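Q: Dumping the structure here so I can ask a few things about it.
Residue numbers (UniProt numbering): 1 to 154.
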């Protein structure tokens, strides 16, 4: 966060500009080539550090996907798009199950659970990790039921 501006009863949050997200980066890698294992490890470590930071402050991201992971020129990954993020506590609150892009959605959310917590973000990170390693989504269902079938078949 670079700056916060209030103007005409509106709040503006100013962030640094990052032109590349993880999805664009993976798509830019030529066919048949994959990320170096050390880079995969670095990216996964950074993503996990970011979500640990959020969860330690009782924040669920709820929309982790490659498009919401921005990469700077030094290879640093930053979590982005907190539009669906929510605070969580004990007891676990009731949330909508219409969160997280389908391919990265945890099974409990797909099954309609309205009471969920940090594992939904961890599931998303697991699917992202597989995508970083393989350059393709782990489960690419075209509906909630298809997504569940693909998960259960794995």
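Glycine included, each C-beta is placed from N, C-alpha and C at the ideal position. Note that the structure is predicted; figures quoted are calculated from it, not measured.
Considering just the uninterrupted stretch of the beta strand (DSSP E) at residue 12, what are its terminal residues?
A: Along the chain shown, one-based indexing puts residue 12 at 12. 10 to 14 is the extent of the beta strand (DSSP E) around residue 12.
Q: If we ignore side chains and look at the alpha-carbon of each, how far apart do residue 149 and residue 7 end up?
A: As a working mapping, residue 149 is identified with position 149 in the chain shown. As a working mapping, residue 7 is identified with position 7 in the chain shown. Each residue's alpha carbon lies about 49 angstroms from the other.
Q: Is the distance from the Cβ of residue 71 to the Cβ of residue 104 below 7 angstroms?
A: By one-based count along the chain shown, residue 71 stands at place 71. By one-based count along the chain shown, residue 104 stands at place 104. Against a cut-off of 7 angstroms, the Cβ pair of residue 104 and residue 71 comes out as no contact.
Q: If you compare alpha carbons, which of 133, 138, 44, 134 is closest to residue 127?
A: Here residue 127 refers to the residue found at position 127 when the chain shown is read from its first residue. Answer by Cα proximity: 138.
Q: When DSSP builds the beta bridges, which residues end up paired with residue 60?
A: Sequence index remark: in the chain shown, residue 60 carries index 60 (1-based). Answer by DSSP bridge pairing, in chain order: 86.
Q: Which of helix, strand or coil does DSSP assign to residue 21?
A: By one-based count along the chain shown, residue 21 stands at place 21. Strand, per DSSP.
Q: For a test of the three-state rule: what should DSSP assign to residue 71, helix, strand or coil?
A: Counting from one through the chain shown, the residue named residue 71 turns up at place 71. Residue 71: strand per DSSP, three-state reduction.
Q: Got a sec? Which residues, its chain only, sit under 8 angstroms from residue 134 by beta carbon, not counting five neighbours each side?
A: Here residue 134 is taken as the residue at index 134 of the chain shown, counted from 1. Take residue 134, set aside five residues on each side of it, and the residues of its chain with a beta-carbon closer than 8 angstroms to its own are 34, in chain order.
Q: Would residue 88 and residue 117 be called neighbours here (beta carbons separated by less than 7 angstroms)?
A: On the chain shown, residue 88 is found 88 positions in, with the first residue counted as 1. On the chain shown, residue 117 is found 117 positions in, with the first residue counted as 1. Yes, they are a contact pair.
Q: Quick check on the burial criterion: 16 or more other C-beta atoms within 10 angstroms. Buried or exposed for residue 60?
A: Position 60 of the chain shown, counted from the first residue, corresponds to residue 60. It counts as buried.
Q: Please state whether the Cβ-Cβ distance between residue 65 and residue 101 is less than 7 angstroms.
A: The residue given as residue 65 occupies position 65 in the chain shown. The residue given as residue 101 occupies position 101 in the chain shown. Yes, the Cβ-Cβ distance between residue 65 and residue 101 is below 7 angstroms.
Q: Residue 47: which of 30, 29, 67 sits nearest, CA to CA?
A: Translated into the one-based positions of the chain shown, residue 47 becomes position 47. It is 67 whose Cα lies nearest to the Cα of residue 47.
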